[in-house]
Each structure stands twice: as C-alpha cells, then as structure tokens.
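Each residue of the sequence shown is one higher than the last, beginning at 1 in UniProt numbering.
Think of the CB as a built atom: it goes at the ideal place given N, C-alpha and C, for glycine as much as any other residue.
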Amino acid sequence: MIRKLFRTPIFKSLKFYAPALYMFSQQNQDPKFSEEIMNKLKNQAQQFYDNIVVDNKLQHVDVIDTDHFNQLVQESNQKIIIVYCFAQWSLECKEFKEVLTKNMEKYSDVSTIINIDIDKHPNLITQLQINSVPFAGVVYNNQFVDGYFKNGKFDRFMSIVEQISRILRGENIEEMILEQMSGLFQSRNYQGLLTLTKEALARENIKKEHPKYLLFQALAYVLMEDSNKIQETLDLFDKQYKDDLEDMNTKQLYQLVQDQFQMIKDLQSLTPEIKRILERLNDNPQDKDLYFDLALEAINAKNYELAIKTLLNIVKMDKNWADKKAQKKLIELFTQLGNQHNLVIEGRKQLGKLLN
1 MIRKLFRTPI
11 FKSLKFYAPA
21 LYMFSQQNQD
31 PKFSEEIMNK
41 LKNQAQQFYD
51 NIVVDNKLQH
61 VDVIDTDHFN
71 QLVQESNQKI
81 IIVYCFAQWS
91 LECKEFKEVL
101 TKNMEKYSDV
111 STIINIDIDK
121 HPNLITQLQI
131 NSVPFAGVVY
141 NNQFVDGYFK
151 NGKFDRFMSI
161 VEQISRILRG
171 ENIEEMILEQ
181 MSGLFQSRNY
191 QGLLTLTKEA
201 LARENIKKEH
211 PKYLLFQALA
221 YVLMEDSNKI
231 QETLDLFDKQ
241 YKDDLEDMNT
251 KQLYQLVQDQ
261 FQMIKDLQSL
271 TPEIKRILER
281 LNDNPQDKDL
291 YFDLALEAIN
301 AKNYELAIKT
311 LLNIVKMDKN
321 WADKKAQKKL
331 IELFTQLGNQ
341 HNLVIEGRKQ
351 LGKLLN
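Here it is, written out as structure tokens:
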C-alpha cells in the first residue's frame with residue numbers, strides 16, 4: 001500500500017528530507033511514539049488511500065453540513081459536481097456507487113463526487129427533494145442539470161457528464177454539442193438544454209456555431225413556454241446573426257423556433273374549454289366524439305383554422321364516421337365563411353385529397 005501511495009502525484013510533488021525519511025524508516029524504533037499516535041497515523045494513511053488511491057484519482061468528498069455542501073457546489077463553475085445520496089445500510093447503494101465510480105474515473109480531471117449520507121443529513125436531503133436512494137445528480141454552473149434515480153436511465157445521465165466534460169476540456173466538439181442539444185430538446189429536458197446552450201455560447205473556441213446554439217436556447221424557452229424569453233432570444237438572433245440564415249441548417253432551425261413559438265401563442269389564445277378538451281384528447285387520442293366537440297368549441301370561439309383542421313382530422317381517421325358528420329360540418333362551415341376565404345380554399349383542397 002505504501003508503494004502505491006508514493007507513486008501518486010501528490011507524493012511525487014513533495015520534497016522529503018532525510019530526517020523525515022529516517023523517522024519513519026524500518027530501522028528506527030524510537031519508543032517516544034505512543035501506540036495511540038501510531039494508530040492515528042495509520043488511520044489517516046488508510047483514509048487517504050481509500051479516498052484517492054483506490055478510486056484512481058477520482059476525488060470523493062463527504063459532506064459535513066449544509067454550508068459545506070453549498071461550498072462544494074460553488075466549485076461547479078470549474079468542474080462537474082456529482083451529488084451522490086445514499087444509505088449506509090443499503091446494498092443497492094453500495095452496488096450503484098461501484099458502477100458510478102467506475103464510470104466516472106475517466107472524468108477524474110474535471111469532476112468530483114460529493115457523498116451525502118441520508119441518515120446523517122436528513123434536512124439537506126429534504127431541501128434537495130430526494131425521495132429515494134441511490135440518487136446521483138449532475139451539478140454544473142451551480143445548477144442541477146440532470147439526475148439519476150433508482151431504475152432511471154443511467155446511459156442518459158452519463159451522456160450529460162460526457163458532453164459537459166468535453167466542454168470543460170475545450171475539445172473541438174461543435175457537431176457533438178449540436179447533437180446533444182437536439183437530443184435534449186427531443187427528450188424535453190429544458191433545464192439541461194438551457195445549461196448547455198449558455199455554456200456553449202460562452203466558449204470562444206466554438207464560436208462559429210453560436211447562431212445554432214442561440215436558436216437551441218430559444219427552443220429551451222419553448223419547452224418552458226416562456227414567450228417573453230423566446231421573443232428576446234429571437235430578437236437577439238435577428239440583431240447578431242441575421243446573415244447566418246444563408247446556411248440551410250441554421251435556416252431550418254430558425255423556422256422550427258418560429259413554428260414552435262407560433263404554436264405556443266396559439267395555445268395561449270385558446271379558451272379554457274378548448275384546453276380542457278385537448279387535455280382529454282391526450283388521454284383518448286382516437287376519440288372522434290371529442291374531436292367533434294373540439295371543432296364545435298373552436299367554431300364558437302371563431303377559431304376557424306382549428307375547427308377545419310380538427311374536422312379534416314376526423315375525416316382522415318374515418319370519412320364515414322357518424323353518417324359523414326364531420327364532412328357535413330365542414331361543408332356547412334365552408335358555406336358560412338365563403339368560397340373566397342383562404343381557409344376555405346385550402347380546406348377544400350385537403351378534403352378533396354382525403355376523399356379521393
């Protein structure tokens with residue numbers, strides 16, 4: 001064990017002088033060191049070995065109290081902090097700790113694991129809203145980016161660690177970051193997406209992709225349904241990166257943000273009754289009666305675009321449903337709006353395609 005200790009970087013950086021080496025040599029049997037002191041030194045050496053050498057330089061820190069926890073989290077401005085919550089008596093926690101440590105070893109240069117015993121720190125566990133163990137959370141830039149709960153998706157958890165570590169190491173990872181952002185958006189992880197976009201936009205070495213990163217930041221606000229932030233981000237893009245719309249990928253991403261933003265504005269303008277019907281349709285997506293109720297409510301609210309789309313959807317599902325009830329309502333609505341109305345012109349085209 002002693003040989004392993006002296007091979008670690010911390011010992012290689014120290015200068016040992018002859019008196020110190022002599023004091024702890026095997027030849028020196030000076031009786032002035034009591035058994036109590038020697039046992040204390042052995043315990044300290046063993047603790048050092050357990051915490052640093054065994055884990056292959058991956059740093060582990062046991063949380064002392066809430067202030068200590070807050071102090072450790074402050075380091076997340078420069079590294080990844082893994083908050084690991086466990087119970088000493090849990091075999092499952094011990095097994096997960098082994099898996100976590102093994103997977104985190106290759107990130108030892110950019111990460112620290114801080115351990116929280118739930119029985120020693122119940123108040124802190126309550127503040128963190130941890131309901132089950134084992135739990136591991138990724139903290140970066142003073143924010144919880146992602147978390148692993150019992151029976152959760154550990155691969156996703158580690159993918160977050162991977163992409164943050166690459167940013168910290170300054171690797172040339174523009175495309176990888178864009179892929180990660182796309183995945184976070186598709187999985188509706190707005191917190192992870194917002195953290196990643198802010199960090200990427202702060203990096204000068206990946207500046208050429210900043211226009212796309214800013215648009216993904218707008219998509220994070222789309223997931224949050226924050227209209228003000230979406231508009232602010234789009235305004236900033238128009239001011240700084242309008243010329244980048246010549247790039248096809250950037251143009252498509254810009255259009256996606258615009259479409260999603262319009263959808264949010266449309267949803268926010270819906271009546272409470274329409275929103276209630278839509279919520280019920282989420283649980284019953286094949287219920288044609290609910291769709292017809294939605295169309296009627298949309299007509300009452302003079303939201304004719306929603307009404308026509310809903311009735312066309314019923315025809316698409318079953319054109320003969322309820323003695324062609326949806327088709328008849330469409331014809332009635334077209335007559336009401338008039339043949340020159342843009343919605344009628346487009347609606348008749350769509351209806352013709354569905355019936356042929």
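Reducing DSSP to helix, strand and coil, say where N313 ends up.
If you number the sequence shown from 1, residue 313 lands on position 313. Helix, per DSSP.
What is the DSSP secondary structure of H60, counted as helix, strand or coil?
Along the sequence shown, read from residue 1 onward, the residue named residue 60 stands at position 60. Of the three classes helix, strand and coil, the one that applies to H60 here is strand, per DSSP.
Of the choices K319, N313, E199, L337, whose alpha-carbon is the least far from that of I299?
Working through the sequence shown from its first residue, we reach residue 299 at position 299. Comparing Cα positions, the closest option is L337.
Proximal residues to Q186 (C-beta, below 8 Å), its chain only, five neighbours per side dropped
For the purposes of this step, residue 186 is taken as the residue at position 186 of the sequence shown. Counting only Cβ-Cβ distances below 8 Å, and skipping sequence neighbours, we find nothing.
Just tell me which of K198, F334, Y107, F216 has its CA closest to the CA of K309.
What you label residue 309 is simply residue 309 of the sequence shown in a count that begins at 1. Looking at K198, F334, Y107, F216, the one whose alpha-carbon comes closest to that of K309 is F334.
Return the CA-CA distance between V315 and N115, expressed in angstroms with no decimal places.
If you number the sequence shown from 1, residue 315 lands on position 315. If you number the sequence shown from 1, residue 115 lands on position 115. The straight-line gap from Cα to Cα measures roughly 58 Å.
How would you call M71, buried or exposed, if buried means at least 16 neighbouring beta carbons within 10 angstroms?
Within the sequence shown, residue 71 is the residue found at index 71, counting from 1. It should be noted that the sequence gives Gln, not Met, for residue 71. Per the 10 Å Cβ criterion, exposed.
Would you mind reading off the limits of the beta strand (DSSP E) that contains L107?
In the sequence shown, counting from the first residue as 1, residue 107 sits at position 107. The residue you asked about is not Leu; residue 107 is Tyr in the sequence shown. Secondary structure note for Y107: it is in no beta strand (DSSP E), with a DSSP letter that is neither H nor E.
On the criterion of 16 or more Cβ atoms from any shown chain inside 10 Å, does L355 qualify as buried, or is it exposed?
Walking along the sequence shown from the start, residue 355 turns up at place 355. Under this definition L355 is an exposed residue.
C-beta contact flag for T271 and A295 at 9 Å:
On the sequence shown, position 271 is the one that residue 271 refers to. On the sequence shown, position 295 is the one that residue 295 refers to. Taking the C-beta atoms as reference points, A295 is found no nearer than 9 Å to T271.
Using three-state DSSP, classify D244 as helix, strand or coil.
By one-based count along the sequence shown, residue 244 stands at place 244. Helix at D244.
When you compare each of K212, N77, Q255, R276 to V138 by their alpha carbons, which one comes out closest?
In the sequence shown, residue 138 corresponds to position 138, counting from 1. The residue from K212, N77, Q255, R276 with its alpha-carbon nearest to that of V138 is N77.
What is the DSSP secondary structure of V133, counted as helix, strand or coil?
On the sequence shown, residue 133 is found 133 positions in, with the first residue counted as 1. Secondary structure at V133: coil, using DSSP grouped into helix, strand and coil.
What residue range does the alpha helix (DSSP H) around Q163 cover?
On the sequence shown, residue 163 is found 163 positions in, with the first residue counted as 1. Per DSSP, Q163 belongs to the alpha helix (DSSP H) from 154-168.
Contact between the segment 248-264 and the segment 209-229 (3+ Cβ pairs under 8 Å):
Touching, yes.
According to DSSP, simplified to helix, strand and coil, what is Q286?
Numbered from its first residue, the sequence shown carries residue 286 at position 286. Residue state, collapsed to three classes: coil.
Helix, strand or coil for I80 per DSSP?
On the sequence shown, residue 80 is found 80 positions in, with the first residue counted as 1. Correct three-state label for I80: strand.
Between the Cα of E179 and the Cα atoms of N103, L253, Q129, which residue gives the shortest distance?
Along the sequence shown, one-based indexing puts residue 179 at 179. Comparing C-alpha distances from E179 to each of N103, L253, Q129 shows the shortest one belongs to L253.
Suppose you measure from the CA of V61 to the CA of T112; what does that come to, to the nearest Å?
Taking the sequence shown and counting its residues from 1, the one referred to as residue 61 is at position 61. Taking the sequence shown and counting its residues from 1, the one referred to as residue 112 is at position 112. Approximately 8 Å between the Cα atoms of the pair.
Does the beta-carbon of S165 have 16 or more other beta-carbons within 10 angstroms, so that it is buried, or is it exposed?
Taking the sequence shown and counting its residues from 1, one reaches residue 165 at position 165. Looking at its Cβ environment, which holds 16 or more other Cβ atoms inside 10 Å, S165 is buried.
So who's on the other strand from F86, going by DSSP bridges?
The sequence position of residue 86 within the sequence shown is 86, counting from 1. Under DSSP, F86 shares a beta bridge with D117.
What residue from Q255, G352, F86, L281 has the CA that sits closest to L312's CA?
Along the sequence shown, one-based indexing puts residue 312 at 312. Of the listed residues, the one whose Cα sits closest to L312 is G352.
Taking C-alpha atoms, which residue in E305, L278, N282, D283 lies nearest to D293?
Residue 293 sits at position 293 when you count from the first residue of the sequence shown. Selected option, being the one with the closest Cα: L278.
Rounded separation between V63 and E162 - CA only
Position 63 of the sequence shown, counting from 1, holds the residue named residue 63. Position 162 of the sequence shown, counting from 1, holds the residue named residue 162. Taking the straight line joining both Cα atoms gives about 25 Å.
Counted within 10 angstroms of its Cβ, other Cβ atoms place L184 as buried (16 or more) or exposed:
Indexing the sequence shown from 1 puts residue 184 at position 184. Buried, because 16 or more other Cβ atoms sit within 10 Å of the Cβ of L184.
Is DSSP giving G338 helix, strand or coil here?
Residue mapping note: residue 338 aligns to position 338 of the sequence shown, counting from 1. G338 falls in the coil class under three-state DSSP.
Note down, in chain order, each residue of its chain lying with its Cβ closer than 6 Å to the Cβ of I130, except the 5 sequence neighbours on either side.
As a position in the sequence shown, residue 130 is number 130, starting the count at 1. Counting only Cβ-Cβ distances below 6 Å, and skipping sequence neighbours, we find C85.
Candidates Q143, P134, R280: which alpha carbon is nearest F153's?
As a first step, residue 153 must be located in the sequence shown, where it is residue number 153. Checking the displayed sequence, the identity of residue 153 turns out to be Lys instead of Phe. Taking only the C-alpha atoms, the option nearest K153 is P134.
Three-state secondary structure (DSSP) at D226?
Your numbering for residue 226 matches position 226 in the sequence shown. The answer is coil: DSSP assigns D226 none of H, G, I, E or B.
Chain-order list of residues whose beta-carbon lies under 8 Å from that of M104 (same chain, five-residue window excluded)
Position 104 of the sequence shown, counted from the start, is the residue given in the question as residue 104. Cβ contact annotation for M104 (same chain, cutoff 8 Å, sequence separation greater than five): L58, I82, S111, I113, V161, in chain order.
Could you check what DSSP says for D238 in three-state terms: helix, strand or coil?
One-based indexing of the sequence shown puts residue 238 at position 238. In the structure shown, D238 sits in a helix (DSSP, three-state: H, G or I).
Using a 10 Å radius around the Cβ and a threshold of 16 neighbouring Cβ atoms, would you call K329 buried or exposed?
One-based indexing of the sequence shown puts residue 329 at position 329. Burial of K329 is indicated by the presence of at least 16 other C-beta atoms within 10 angstroms of its C-beta.
With the cut-off set at 9 Å, would you say I331 and E297 are in Cβ contact?
As a working mapping, residue 331 is identified with position 331 in the sequence shown. As a working mapping, residue 297 is identified with position 297 in the sequence shown. E297 is positioned such that its CB atom lies no closer than 9 Å to that of I331.
Go ahead and label Q27 buried or exposed: buried means 16 or more other beta carbons lie within 10 angstroms of its beta carbon, across all protein chains shown.
Residue mapping note: residue 27 aligns to position 27 of the sequence shown, counting from 1. At Q27, the pLDDT of 38 sits below 50, so the modelled position is not reliable; the number obtained from the coordinates is stated separately. By the neighbour-count criterion, in which a residue is buried when 16 or more other Cβ atoms sit within 10 angstroms of its Cβ, Q27 is exposed.
Hey, could you find the ends of the beta strand (DSSP E) F144 is sitting in?
Counting from one through the sequence shown, the residue named residue 144 turns up at place 144. Its beta strand (DSSP E) spans residues 143-148.
For Q217, does the count of other Cβ atoms within 10 angstroms reach 16, so buried, or fall short, so exposed?
The count along the sequence shown starts at 1 and reaches residue 217 at position 217. Of the other Cβ atoms in all chains shown, 16 or more fall within 10 Å of the Cβ of Q217; this residue is therefore buried.
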